[in-house]
Structures are given as C-alpha cells and as structure tokens.
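A.B. asks: Okay, handing you the structure first.
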C-alpha cells in the first residue's frame, strides 16, 4: 500500500463519523468528524483513480438524479461518482415524467427507488422549497422502507438547494486542504466570501451560504461582504456565527469589498440575488406572474448596476495577503471582457487562477462518491482497505 | 443456499417453459408453465437482491428502450431490470432520432440492434398499432439475424401496447401470489376488474385487458364491470372467456360496479376509454384532426361525468368479502380530494391500501428482468444456481 | 485460441501503429499501419463478441458524447462501443447545458473530463467549424492535463465533422476488406463515389470527402462524380490526389455518373450539398438569417431538381463490372418510391443490397471501440491476448 493511502487511512482511523444510512443535506447537520471522514474518503477514491485501482463497490444498482434546474458540472460529477462506485445512472426527467408535491412525491419517491442506491437532487430555484422537497422525499423513503416497500432505503445527496450546496462547499474545502497542506493550516486563515457584480440576476444563494456555513467550522476567519440590501437567509448567518464561535474562528459581515479583501488569504467573489428579492421572485414564480417577474428583473438589474465596482480587479487583489490571495469560484464566472462586458472578475485575475478553479471543481465527483460511500458502509476504512487489497486494475485486464 | 431459494428452484424444476429466444408480447401467447417460470425467476432475482447477491449475467451489452408515450414507472423498471442483469441502458428518443413504419422500422430495428440484447417497447396510443409495431420490429430482427446482420437476435419485451400490458399484469399476479401465499390459493378467488370514474379521458385499455386475460388463467373468478358503452376490444373478451373455461375459473361481464364488488376478494377499479372511442381517437390522431379530437374529448368527458358514482368508496368496499377485499391499482390513481376533485377511489380507501399498491408495483423490475432471463437462457434454473454458487456480493468487495 | 483470432493477432504483429494517446480526427492524419491496426482491433473485438468473450477493459469510467446534430446510428454505435469496453455513457446535451466557443469550450472541456476516458463529438453543420471545434476541445484537454487538472487526458473521437467522417469511412473500409476477402484484394478495384439526387438539401460533405480521402490510401481507383457546381472542399480533393499517387491508386473527378459507374466494382451514390452552398449556408446560419436560409433552400432544391437523373437505377447498375458492383450507402438512403417520390436509388437496387448496407453499418460500433482501444493501450496486441486468456463469458456466469 502506498504511503499516501496509508496516511489517509490513518486519518480516518482517528475519526468517529456517524453517517451510515444518513442523508447528506446540510453540512451543518454533520459533525466535524463526518466532514473530515468524507474528505478523507474522497481523497482515497482520488488516490485509487489516479493509481489505476478499480474502486467499484456496487455490482449492479442504480443512482438516480433529479435536476430541477439546468446543470453541466454537477450533472457530470454525479454521473462520474456513480461510475466510480459501479452504479448505473438514471435521470428522472420531470418533463418526461411529472413530479410535484403531496401524494405524487410520496409515490414517485418510492416508484423510482426499487433497487436504487442513491438519489441526488438539485432544486434551488424556489426559496423555502428545495430543501423542503428533499426532506419530503426522504420521509417518503423512510416510510416506504419501514413498511417493506423498499428493501433498501436509498440515500439522498443534496446536489444544491435553496439553503446549501454541500457538494460544492465540501469540494472547495478539500481543495483548500490540499492547497494549504492540511486542514490544521486553515486555522486563522482569512477568507473573503464577497458579492460581485454580474449582468444577470436571480443567481442562487446556496454557494455563499454554503461557504460561510462550512468554512467557519475549521477556525477560519470568514468575512461575508455584500452591498447593503444583498443579505443572505438570516438563519444561515446565525449558523455561521455559531460555527465560528465553536471552532475558535471568526465571522464578520461588512458592506465593503475592500475591507473583506484586506489581508485575505482566500477570496471568493461571486454574484447572488438578495434574499428578499429571491423571496419576491419565489412568490411571483408560484403565481406564474410573468409580468411581475419582468418588472422585478428590470428593477434588480438596475440595482445591481449601482455596484459595478464590486469586481475582483487587479487593484482589489493587491489588498490581499502579499497581493497573492487564492481566488476561488464555483464556475462559470462572469469574466469582464470575456464572458460579459462587465462582470465578477477581471480577465487577468481569472486567467491567473483559472487552472486553480478547475482543480477546485475536480474534487466534486470524489466528494459526491464519498458522501455515498459514507452512507452505505458502516466501516468505510475497512471497505477502502478491501478495495486496496483487491487491487484490481481500473483500466486493463 | 437459503430455504427460500431452494423452494423457488424446486418450483422451477417442475416446469417445462419454452421461452428461450422468444419475445414476450402477450401473456395469452405463453403457456401456464411459461408464466409460472417467469414468476419464479422474478422471485429468485428478488431473493438475490435482498440477500446482497450479485445477479449480473451480462458482462457488457445493451438494453434498448423505446417509449412512444411518457412513462416514469415502466421507464425506471426497465432501467432497473437492465442494471440487475448487468446491461447498459440506451433509450431511443424518437424526438432526437425519428422512427416510423415501413423501411424505416426495418432499418432502425437493425441499426439499434448491433450488440443489443433486448428491446423494450411501449406503444399504447393508437389502437391496432402498438402490438403491430412490435411484431414489425420483431420480423425485422428475425430477418436481420437470419441474414447475418445481427449475430444475436435481441429479445423483445412489450412494455405496454394497445392490447396487453404484460409486465403490469405479471407483476400484479406475482403480488397476488405473495399476498395470498401461493398461486394455488388464487383458485376460486373473486377479482373485480371494474371501470372507475376519472376526470380525464383516453386512458389505454391495456391494463383491464391484460388483467382479464391473465387472471382467468389461474382458476380465478374474474368479473369485468363497466358502464354500458365502455367495452374492451372484443377479441380480448374472447380470450378471457376461453381462458376461464380452460382453467376452471369464471369470467363474467356486468354493467354494475356493486355486483362486481359483492363478495370480491380483490378489486381493481380503474378508468379507461371505451373501445369505440379509442378507435375514433386513433382515426382522428392519424388524420391529425385537432378540432375533431377536442370535440371527442368534450363528448367523452361529458359521458364519463354520468358515471361519477363509479368510485371505489368505503361503502362499495363494504360489499366485498368481509369488507376487506385487496384493493389494486397500476398507479397513479385518481384519488378523490387528493389528485383530483372526484376520481377513481376515495382517499381513505386508497390510503389504507397505499403501501399495498407500492408493493404491487415493486415486482415490475424483477418481472421484466425475468422475461429477459427466460429469453436468454435455455436452462434458467441452472443459471440461477450458478449465480447462487458464485455468491459474489452485490454491494461490497 | 481460435484460428480467426490468431490470424488477426498475427496481422497486428506486423504493424507499427502510433496511436497511443492520440485523437482520431481525420483518417489522412493516420499512417497506413494506424488504419490497418484499427481495423484489426475492430475485427478482434467483433470476434470476441461473436464468441461470447467479455472484452471489457475498463472497470468503471465514462465515455462522453457530444452531438450537435441529430443522430441515431452514430449515437447508438458510440453507446455500444462504450458498453463493449466497459465504459458508462454520458451525453452532454447542449440544450440542457450550453457550450460555445472561447473560454466556455476550454472550461467545459475540462469540467466534463474529470474521470472521463473518451469524448466522441459530432459537429457537422457549419463549414469550417466542426473540426476546428474538436481541436479546440483537444487543446483545452492537453492544457488541463499538462497543468494537473486532469490526471488522464481523455481521447477524442470524431463522430462526424465538416471535413471527415472517419468512423463511417473506416467501417466502410472494414466492410470492403471482409467483402473482397482482404485489403490486398482492394488494389485496383474501381469505386464510384457519386453524387445522387435527393429531395432535400444541406446534407453534409463529410461522407464523400471521407470516402475519397480513405479509399485512395489502399490502391483503389476512386472516381468522384457530381454535377457541375457540386464540388467538395478543395483541400479534400488535394488529399485524395496525393493519397492515390502515394498508394499506386487512381483518383479522377468527372461530371458524369455513367462514366463513374462504367466498370465499377463498387458504387456509393449519395446526395450532398455543394461546397459553396454549404459556405453560404454557414454564413446565413451564423447571421441567424432565416429569410436568407429559406431563399437559399428554394434555390438549391430547384438546382438539385435539374439532376434527377443522377439516380442509381437498374440501368445504371448494368454499366458496372458484370452489372454486379457492390452498392454502398451510409444510411438512411432516399429510396425512390419508398422513402420519397424520387431519390438517390431505385427501390429494386436498394432492396437487393439492403442487407449489405446493414452489414456495412454493423462495423461502426467495433471501429469506434477500436479507435478508443488504440488510443488507450500502448500494446494493443498484448491487451487483446490478455482478454483472450481471461476468457470470461460475455453472457453467463
């Protein structure tokens, strides 16, 4: 066994995760050990992949994805996670089927779950709805399993909801762990999660909420910056505060991008729609009020336009620690002069960190697979050892 | 080997099925032994699944589905059956491709069949068309195989046509076998296949036709009930009559829901469009006569509305054997006050049997897999024994 | 080991292909040994399939397809090639995602490529765009791999572009190799690649260009025939000329279908749009000029109509060698009186060669798989021997 893998397994041996049979819906519902174990398993799976070791633990079986919004990155990450573990993928296309709430959710959740191992759900359009829907599915599955309909209760993975984007934030954290050479090195590091200007509106809140909810767990100094009126869901702010207190980190909110950037080790400039706008938007979407939606969009874009200086420029980057903070983004970024006229980030800044953002994204398939792995195996360390011992080639005969 | 599996294998040893290399298009083209063997294989595959035994018998290879109508349940059941046996799934999306009749069918059938093991087809919209289309595909495959185009002639599975819905009715029968503790216990049981009111029109006839065509095979007393004018395809009625005679069962048609329910052990209340309406609809669809279709819909809904009392209420349930008949449905049901204002079944009745209907649906993936298994292996018992002996874990290393 | 396989492996032993880690974009970028080795591997995979030998060399891993145009044949061929080698398939549906040029291509290429083995691309609508796009993707992958984003650089397979259709032409060649009993027997054979009338316009040039670019490699006498004004991309004509010179074959262009058919051993009559029309069309598509496109279509159809006598009739077939030339087509053909009123080929001619065209198409899944195989394994012969030695059943336990 290679040293790298031994190190990961030793790390895992120190932890007491409690994720067997549990859904992954919000990072703040998970213990520190849960999060650390998930990252360790992700790293082990990456190790297997890169060393041409077959990591399949399912011999047949389905993973089902439900995307209630367009997606390339997460869709492919889920597909890859399934393939990495040996699952076949089925996508529930709601245009071809039809899923709603109430009895339909209860029934459909069971109907798609015979012989299924996991359901990955993305539902981030409606405030107050996405996470609720996932829990509704979860309850239907609990009931179906308890009553003997499902011999196995499929695990749920939140692929982005209105509240959190745990597969994104966990990939980001694993990337930071690698970049700074260990979780312990993140203690005291300053990260600026800041709003940035974009010529579009209605971008979900789940990324900034997920970042402040997770990075405050590991002793980092997290600054949330946004123009006045661009606040996040208040409950998520409370979560971040409590986490920072518990972990010995810090959590600050400011209305100045410069202040957030000052001395930062990491910057994460990204656009989002204000919480109260998302709420109005949700109401209008529910009412099917197209006219109202157009008015709201116009109003919001006009408001956004007041904050065009919230751009991650070379000047702003100079404010960061030694002028060399790590730039992060969940992609795709609105790059000034490249993907739009004026956007979240200057082209030269983005280009300098482009490969870093790609690497950041590269952890997602492994993180999703690790969430599944932790849900399915009581003793993940033992299972990883079995994979290593089997030592069958991923490519080749 | 567990007792449960031994029992199934013993059952199989008594039978002389003749399904090797044969399509599964209509249950009444199959012998009693064929049907029994299919159920036994389905139960064995379920046993493997629930005991974490890998049941894959294909190491590579495709299963192709063609859905000419929307579908969630059957689509997922087919996907799961493929995954259970080790096949990859490809869906022929006719919007992305284009398939029609004549030379195109002949050609497309061959083009999608290189390296394919099975084709599952759902085509239930046009009366006189669905089953015919399946046979056209089958003939093209026969020819392609005979002429050396296809080294293997893929098997066909009818996933619902205008005449029969064999994967549904066979799942229903397997469920009844389990519920009543054996096929022999179904002898003399009274089943009421009755029309029920629904606020929609144009529902296919394949479920009631499939049920009366299959349940009459095993000595049951089958009553078909519907309002005057809501008859099924006459040939299917003939099939049911003959089957009942041969099996020592009974087949009655009535225009009274109460009569059908009286003393029934099982009730299956479900809406469908009258045979002659489906024929007019088929003509209008073929002519592309949208105006005519609207007129027909209006006329039919008005006619349906005369029979709103054809609802499976608590009162009606009291008429059944000890007031405790088993309620069945292929799902989704039109539930009064839940999925519609007035529908096929009262909410309290449905809720009491909800889990039962889910269990009923749960047999479908196994039944589809069993149909494939029987088509592919000359000695299914031997192959099941090999799977048991291999005893490799479905989940794990 | 069977004689047939031994013969293939011996053939392979004589060759020095250089395809490891290289994309397959144009046949004329490949050496003669590359092409011969690809065919040999395709034949070996076919041998395994037909002898029930599991040929999977990937234990997990994805193949990604990007279809920027509708497709049934190639889509299924790619799916089968993936399944044959053990890969799961993911389709990048650009309607669900969104891919364009510039930064987006660079980013998306990397995002879909974590844990991916191959990307198959079809992009044949815009002249000057399809092949360029593939190379842009390739460069992004090179960069991602070099910079540590991708631990494995996925291979690219051209599933049809504006210039070449290598999976088609290579399948066609493998079919000819089988039909005439060996590549050496193709020397001096006369093949007529001719334009034919079709009641539609805008058919891509990649098939005729691919055929004249490939068949001239093996000493055949290739005649390209088309009405005046229906020329191909000039660079492709140059390629064909040079190839013919180098291989000791012949390449002629004529404006007479009869001349091309005279004494031909093989005829390949197929419609396409003139090069300069495709260029105008590309400009109009880029400008989104719908009105202009309608005018162009009308003009072109009127022009096509002048050449209705460019049909592969029984009379024309009599001009060929002993009246028995092999008829080829990439399918679907426009068959007079069958799929259209007046088309590319007479119904009796097509019917006589129908099964041959199906067999021709049947090589495509194997050819695609072989292109992947050659890209992935340095010593393909050794890997084929390992598969043969493993000798595990494709179907069965």
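Protein chains in written order, with this note's numbering: chain W, 1 to 397; chain G, 1 to 397; chain L, 1 to 397. Glycine is no exception: its CB is placed at the ideal position from the N, C-alpha and C atoms.
1. With DSSP run on the structure shown, which of helix, strand or coil describes residue 363/L?
2. Report yes or no: is there a C-beta of chain G within less than 9 Å of the C-beta of residue 58/W?
3. If contacts are defined as beta-carbon pairs under 8 Å, then residue 271/L and residue 344/L qualify, I think. What distance do you get, rounded to the angstrom?
4. Out of 242/L, 167/L and 48/L, state which residue places its alpha-carbon closest to the alpha-carbon of residue 23/L.
5. Give the range of the alpha helix (DSSP H) segment to which residue 157/G is assigned.
6. Compute the Euclidean distance between the alpha carbons of residue 194/W and residue 210/W, then round it to the nearest angstrom.
7. So with Cβ pairs under 9 Å, would you call residue 365/L a contact of chain G?
8. May I ask you to report which of helix, strand or coil DSSP gives residue 75/G?
9. For residue 160/G, count neighbouring Cβ atoms within 10 angstroms of its own Cβ and tell me buried if that reaches 16, exposed if not.
10. Consider the Cβ of residue 332/G: report whether some Cβ of chain W lies at a distance smaller than 9 Å.
11. How big is the Cα-Cα spacing for residue 394/W and residue 54/W?
12. Starting from the beta carbon of residue 327/G, find every residue of chain B whose beta carbon is closer than 9 Å, and list them in chain order.
13. Say whether chain G places a C-beta atom closer than 9 Å to the C-beta of residue 339/L.
14. Alpha carbon to alpha carbon, how far is residue 307/G from residue 226/G?
15. Need the endpoints of the alpha helix (DSSP H) that residue 179/W sits in, please.
16. Could you have a look at residue 393/L and say whether DSSP puts it in helix, strand or coil?
17. Exposed or buried, which one is residue 20/G when buried takes at least 16 other CB atoms within 10 Å?
18. Is residue 19/W close to chain G, meaning its C-beta is less than 9 Å from at least one C-beta of that chain?
19. Kindly give me the distance between the Cβ atoms of residue 119/W and residue 85/W, rounded to whole angstroms, as I take these residues to be in contact under 8 Å.
20. Using a 10 Å radius around the Cβ and a threshold of 16 neighbouring Cβ atoms, would you call residue 329/G buried or exposed?
21. Going along chain W, which residues have a C-beta under 9 Å from residue 291/G?
22. Excluding the 5 residues preceding and the 5 following residue 347/W in the sequence, name in chain order all residues of the same chain whose CB lies nearer than 7 Å to its CB.
23. Taking all protein chains shown into account, do 16 or more other C-beta atoms lie within 10 angstroms of the C-beta of residue 382/L, making it buried, or fewer, making it exposed?
24. Taking 9 Å as the threshold (beta carbon to beta carbon), is residue 61/G in contact with chain L?
25. If we count the other Cβ atoms within 10 Å of its Cβ and call it buried at 16 or more, is residue 229/G buried or exposed?
26. Do you know how far the Cα of residue 115/G is from the Cα of residue 93/G?
27. Compare the Cα-Cα distances from residue 286/L to each of 18/L, 81/L, 70/L and 126/L and report the closest residue.
28. Quick one: which unbroken alpha helix (DSSP H) runs of 4-plus residues sit fully inside the stretch 295-375 of chain L? Chain order, please.
29. With a cut-off of 8 Å on the beta carbons, I'd call residue 312/W and residue 267/W a contact; round off their distance for me.
30. List the residues of chain W whose Cβ lies closer than 8 Å to the Cβ of residue 89/G, in chain order.
31. For residue 175/G, I'd like the list of residues in its chain whose CB is within less than 6 Å of its CB, leaving aside the five on either flank, ordered along the chain.
32. Taking only the alpha-carbon atoms, compute the straight-line gap between residue 164/G and residue 342/G and give it to the nearest angstrom.
33. In chain order, what residues of the same chain lie with their CB nearer than 6 Å to the CB of residue 284/G, ignoring the 5 residues before and after it?
34. With three or more beta-carbon pairs closer than 8 Å as the criterion, would you say the stretch 363-374 of chain W touches the stretch 40-55 of chain W?
35. Would you say residue 33/W lies against chain L (beta-carbon separation less than 9 Å)?
36. Return no unless some Cβ of chain W is closer than 9 Å to the Cβ of residue 222/G.
C.D. replies: According to the structure data:
1. coil
2. yes
3. Sure, about 6 Å apart at Cβ, within 8 Å.
4. 167/L
5. Per DSSP, residue 157/G is not a residue of any alpha helix (DSSP H); the beta strand (DSSP E) it occupies stretches across 155-161.
6. 13 Å
7. yes
8. helix
9. buried
10. yes
11. In a straight line, the C-alpha of residue 394/W is about 4 Å away from that of residue 54/W.
12. Within the model displayed, chain B is absent; protein chains W, G and L are what it includes.
13. Chain G, which has a Cβ nearer than 9 Å to the Cβ of residue 339/L, makes this yes.
14. 10 Å
15. 166-179
16. strand
17. Here residue 20/G is exposed: its Cβ has fewer than 16 other Cβ atoms, across all protein chains shown, within 10 Å.
18. It does not; no Cβ of chain G falls within 9 Å.
19. No, residue 119/W and residue 85/W are not in contact; Cβ-Cβ is about 14 Å, not under 8 Å.
20. buried
21. Within 9 Å Cβ-Cβ: nothing; residue 291/G doesn't reach chain W, min ~27 Å.
22. 335, 336, 337 and 338
23. exposed
24. Closer than 9 Å to some Cβ of chain L, the Cβ of residue 61/G qualifies, so yes.
25. exposed
26. 18 Å
27. 126/L
28. 314-318 and 347-362
29. 7 Å
30. 88 and 90
31. 360 and 363
32. 27 Å
33. 292 and 293
34. yes
35. no
36. No, its Cβ sits nowhere closer than 9 Å to a Cβ of chain W.
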